[in-house]
Amino acid sequence: MSARILDGKALAAEIAAETAAAVAAFVQSTGVQPRLAAVLVGDDPASAVYVRNKQRACQRAGIASDLHRLESDASPCQLLDLIDRLNSDPLVHGILVQLPLPPSLDTTRVLDAVNPWKDVDAFHPQNVGLLAQGRPRFLPCTPHGVVQILHRCQIAVSGQHVVVVGRSEIVGKPLALMLMQRQSPVGADAANATVTVCHSRTRDLAAVTRQADVLVAALGAARFVTADMVSPGATVIDVGINRTHEGLVGDVDFASVQHVAGAVTPVPGGVGPMTIAMLLSNTLHAARLQTAGL
Ligand code: GUN
Numbered sequence: 000m001s002a003r004i005l006d007g008k009a010l011a012a013e014i015a016a017e018t019a020a021a022v023a024a025f026v027q028s029t030g031v032q033p034r035l036a037a038v039l040v041g042d043d044p045a046s047a048v049y050v051r052n053k054q055r056a057c058q059r060a061g062i063a064s065d066l067h068r069l070e071s072d073a074s075p076c077q078l079l080d081l082i083d084r085l086n087s088d089p090l091v092h093g094i095l096v097q098l099p100l101p102p103s104l105d106t107t108r109v110l111d112a113v114n115p116w117k118d119v120d121a122f123h124p125q126n127v128g129l130l131a132q133g134r135p136r137f138l139p140c141t142p143h144g145v146v147q148i149l150h151r152c153q154i155a156v157s158g159q160h161v162v163v164v165g166r167s168e169i170v171g172k173p174l175a176l177m178l179m180q181r182q183s184p185v186g187a188d189a190a191n192a193t194v195t196v197c198h199s200r201t202r203d204l205a206a207v208t209r210q211a212d213v214l215v216a217a218l219g220a221a222r223f224v225t226a227d228m229v230s231p232g233a234t235v236i237d238v239g240i241n242r243t244h245e246g247l248v249g250d251v252d253f254a255s256v257q258h259v260a261g262a263v264t265p266v267p268g269g270v271g272p273m274t275i276a277m278l279l280s281n282t283l284h285a286a287r288l289q290t291a292g293l
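For the record, in the sequence shown the residue sitting at position 206 is 205 according to our numbering, with numbers rising by one throughout.
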């Protein structure tokens, strides 16, 4: 058996095209161009590539984007001053602080400083709280990308057992919240799952992952999920992006898992492009929220 390959790259292009059309209509009716401010601190090459890809995608969708770069030895004041300026700039609708920040900076303090109405990553505690209560303002980009892949590939999670491996603030935790809700902005089929979250202290992890109808690997360990951890026919979503000497690999051992799973996302070309597509959609949403009532 060979799994169906869930083509995130193609779906992301579809979503980006929908967003580009919605951006054009928004500009036409309001005269306002959505604008994203990306903040990059330090010289981590991978972060620079991610930010460049996000900016290019913005340009293609008709969203203006500015890059604000600070040196890796920037002080907390410098960064917080920049965020303050962006928070109060009426031309900026979305603010994205690329993570990870250099260790000398307090990530929580920085993310808490972003205006929650411009928080297109949905990392601010106000937006996390709204998500947890089932009334999200913004959906976090990577979890939303996962939900969109499932939804657009007609893989309903309602009533299904979803096992999420990884409890990060960026992926595992918010994804579990989204999937367990009664309602989803994406549709009821994209919610109402029975969700199990596994992590480094989970006892007999493989026994748990084998119970999954949908298994999400978001732990950040190269090729960690192997065929013996997957129930035959299950859907496997690989959120990992690990740089190894063999290039980029996911958290799933694709070579073995593809013979057991019913469907699987590749790396690259799976969840990664969806994260960027959902960022575009959040930036437009931010512009709408800030333009309503003007
Ligand atoms: N670093 C890794 N993933 C992300 C993300 O989704 N947003 C930001 N801002 N930084 C990241």
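Virtual Cβ for every residue (Gly too), placed ideally from N, Cα, C.
For clarity, every value in this text was computed on a predicted model and none was experimentally measured.
Please confirm whether any heavy atom of the ligand GUN lies closer than 8 Å to the CB of residue i.
{"i": "Ile-148", "result": "no"}
{"i": "Val-96", "result": "yes"}
{"i": "Asp-120", "result": "yes"}
{"i": "Pro-267", "result": "no"}
{"i": "Ser-135", "result": "This sequence places Pro at residue 135; Ser is not what is there. It does not: the Cβ of Pro-135 is nowhere closer than 8 Å to a heavy atom of the ligand GUN."}
{"i": "Ser-381", "result": "Residue 381 falls outside the range modelled here, since the chain spans only 0 to 293, and no answer is possible."}
{"i": "Thr-298", "result": "Absent from the model: residue 298. The displayed extent of the chain is 0 to 293, so no value can be given."}
{"i": "Pro-102", "result": "no"}
{"i": "Thr-274", "result": "yes"}
{"i": "Pro-99", "result": "yes"}
{"i": "Ile-169", "result": "yes"}
Please classify residue i: is it buried, with 16 or more other beta-carbons within 10 angstroms of its beta-carbon, or exposed?
{"i": "Met-0", "result": "exposed"}
{"i": "Thr-107", "result": "exposed"}
{"i": "Gln-159", "result": "buried"}
{"i": "Cys-76", "result": "exposed"}
{"i": "Gln-257", "result": "buried"}
{"i": "Thr-243", "result": "exposed"}
{"i": "Ser-28", "result": "exposed"}
{"i": "Arg-34", "result": "buried"}
{"i": "Gly-246", "result": "exposed"}
{"i": "Asp-42", "result": "exposed"}
{"i": "Val-266", "result": "buried"}
{"i": "Asp-250", "result": "buried"}
{"i": "Ala-16", "result": "exposed"}
{"i": "Pro-102", "result": "exposed"}
{"i": "His-143", "result": "buried"}
{"i": "Pro-139", "result": "buried"}
Hey, would you say residue i sits closer than 9 Å to residue j, going by beta carbons?
{"i": "Val-146", "j": "Met-177", "result": "yes"}
{"i": "Arg-3", "j": "Gly-261", "result": "yes"}
{"i": "Ala-285", "j": "Gly-93", "result": "yes"}
{"i": "Val-170", "j": "Thr-193", "result": "no"}
{"i": "Leu-204", "j": "Gly-165", "result": "no"}
{"i": "Asn-191", "j": "Ser-157", "result": "yes"}
{"i": "Leu-85", "j": "Leu-69", "result": "no"}
{"i": "Leu-278", "j": "Leu-95", "result": "yes"}
{"i": "Val-119", "j": "Phe-137", "result": "yes"}
{"i": "Gly-269", "j": "Ile-148", "result": "yes"}
{"i": "Arg-202", "j": "Gly-133", "result": "no"}
{"i": "Gln-289", "j": "Pro-135", "result": "no"}
{"i": "Ala-20", "j": "Pro-272", "result": "no"}
{"i": "Val-248", "j": "Ala-221", "result": "yes"}
{"i": "Ala-9", "j": "Gln-32", "result": "no"}
{"i": "Thr-225", "j": "Ser-255", "result": "yes"}
{"i": "Asn-114", "j": "Ser-74", "result": "no"}
Can you tell me the Cα-Cα spacing of residue i and residue j, whole angstroms?
{"i": "Leu-100", "j": "Ala-276", "result": "23 Å"}
{"i": "Met-228", "j": "Phe-122", "result": "31 Å"}
{"i": "Thr-18", "j": "Leu-174", "result": "22 Å"}
{"i": "Lys-117", "j": "Val-259", "result": "42 Å"}
{"i": "Gln-97", "j": "Pro-44", "result": "12 Å"}
{"i": "Gln-54", "j": "Asp-65", "result": "8 Å"}
{"i": "Val-50", "j": "Asn-281", "result": "16 Å"}
{"i": "Phe-223", "j": "Ala-112", "result": "35 Å"}
{"i": "Gln-153", "j": "Val-185", "result": "12 Å"}
{"i": "Asp-252", "j": "Leu-214", "result": "13 Å"}
{"i": "Val-22", "j": "Ala-291", "result": "15 Å"}
{"i": "Ala-56", "j": "Ile-236", "result": "23 Å"}
{"i": "Gly-232", "j": "Ala-211", "result": "10 Å"}
{"i": "Ala-47", "j": "Ala-37", "result": "11 Å"}
{"i": "Gly-7", "j": "His-67", "result": "29 Å"}
{"i": "Asn-126", "j": "Leu-78", "result": "21 Å"}
{"i": "Asp-72", "j": "Asn-52", "result": "24 Å"}
{"i": "Gln-58", "j": "Ala-206", "result": "45 Å"}
{"i": "Ile-14", "j": "Leu-5", "result": "15 Å"}
{"i": "Val-162", "j": "Asp-188", "result": "17 Å"}
{"i": "Thr-264", "j": "Val-26", "result": "34 Å"}
{"i": "Asp-83", "j": "His-198", "result": "36 Å"}
{"i": "His-150", "j": "Thr-195", "result": "19 Å"}
Could you tell me if the beta carbon of residue i falls within a distance shorter than 8 Å of some heavy atom in the ligand NAP?
{"i": "Val-185", "result": "The ligand NAP is not among the ligands present in this structure, which contains only the ligand GUN."}
Counting contacts by CB-CB distance shorter than 9 Å, is residue i in contact with chain B?
{"i": "Ala-60", "result": "No chain B is part of this structure, which consists of one protein chain only."}
Fully enclosed by the region 93 to 123, which alpha helix (DSSP H) runs are 4 residues long or longer?
106 to 112
Segments assigned alpha helix (DSSP H), at least 4 residues, entirely inside the region 6 to 38
7 to 29, all fully within the region 6 to 38.
Every unbroken beta strand (DSSP E) within the region 211 to 260, with a cutoff of 3 residues, ordered by chain
Runs of the beta strand (DSSP E) spanning 3 or more residues and lying entirely within the region 211 to 260 occur at 213 to 216, 234 to 237, 241 to 243, 246 to 248, in chain order.
Completely contained beta strand (DSSP E) runs for the region 127 to 177, where each covers 3 or more residues
160 to 164
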